[in-house]
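Straight run, no breaks: the sequence shown in the numbering used here ends on number 727.
Using N, Cα and C, we set each Cβ at its ideal position, and we do this for glycine too.
Keep in mind that this is a model prediction, so the values were computed, not measured.
Below is one structure, written out as structure tokens, with a few remarks after it.
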Amino acid sequence: MTPSEIIQADAQKQGYDPQEVLGKIGKVVKTGAGILLQEGNSVLLLIALPDNNAELHLYTADTSPLSIYKAVSGFVNKIRQSDLNAVYGSGEVPELLQILKKLGVDVQPSNLPGYRWMAPV
């Protein structure tokens, strides 16, 4: 699947307007404020934050827990190879946080307002 197909499928599953979600992501990527990474049928949007940090948003069309685990593992490896200091998430998805912890990611309460969790890289 293409990144836009994955984002559309995820948006529909979550009850959001797929075209609106794609439009917002497109603006972020076109302005250079964010990048997309793809692993299998999952896409990770990283949006730049001050101090070499990033906000994360996961979109997936994968249905198998193993496929999602593999995708998140790939994203974690890419982030660890980057120059980022920390990543932040605003959603609290217990399954995702559990996967991150299994992968050895030090998930902590956020030190920034507007985010629920953070993980130092």
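Give the secondary structure of residue i by DSSP, where H, G and I count as helix, E and B as strand, and everything else as coil.
| i | result |
| --- | --- |
| Ala-639 | coil |
| Pro-624 | helix |
| Pro-656 | coil |
| Val-649 | strand |
| Pro-726 | strand |
Just how far apart, CA to CA, sit residue i and residue j?
| i | j | result |
| --- | --- | --- |
| Ile-705 | Lys-633 | 29 Å |
| Leu-702 | Ala-639 | 24 Å |
| Asp-689 | Ile-653 | 14 Å |
| Asp-623 | Asn-658 | 31 Å |
| Gln-625 | Pro-656 | 28 Å |
Return the residue from the list the options that minimises the CA-CA distance to residue i.
| i | options | result |
| --- | --- | --- |
| Leu-642 | Val-693, Ala-725, Ser-673, Pro-609 | Pro-609 |
| Pro-726 | Glu-661, Ser-648, Gly-720 | Glu-661 |
| Pro-671 | Leu-655, Asn-691, Ser-648 | Ser-648 |
| Gly-710 | Tyr-675, Gln-625, Tyr-721 | Tyr-675 |
| Lys-708 | Asn-659, Ser-679, Ala-615, Ile-612 | Ser-679 |
| Ala-692 | Gln-644, Trp-723, Gly-646 | Trp-723 |
3-residue-minimum beta strand (DSSP E) runs that sit fully inside the stretch 666–701, ordered along the chain: Qualifying beta strand (DSSP E) stretches, in chain order: 692–695.
Does the count of Cβ pairs from the stretch 691–698 and the stretch 665–675 closer than 8 Å reach three? Touching, no.
Under 8 Å, with one C-beta from each stretch per pair, do the stretch 712–720 and the stretch 679–686 reach the 3-pair mark? For the pair of segments examined, the stretch 712–720 was found not to touch the stretch 679–686: the number of CB pairs separated by less than 8 Å stays below three.
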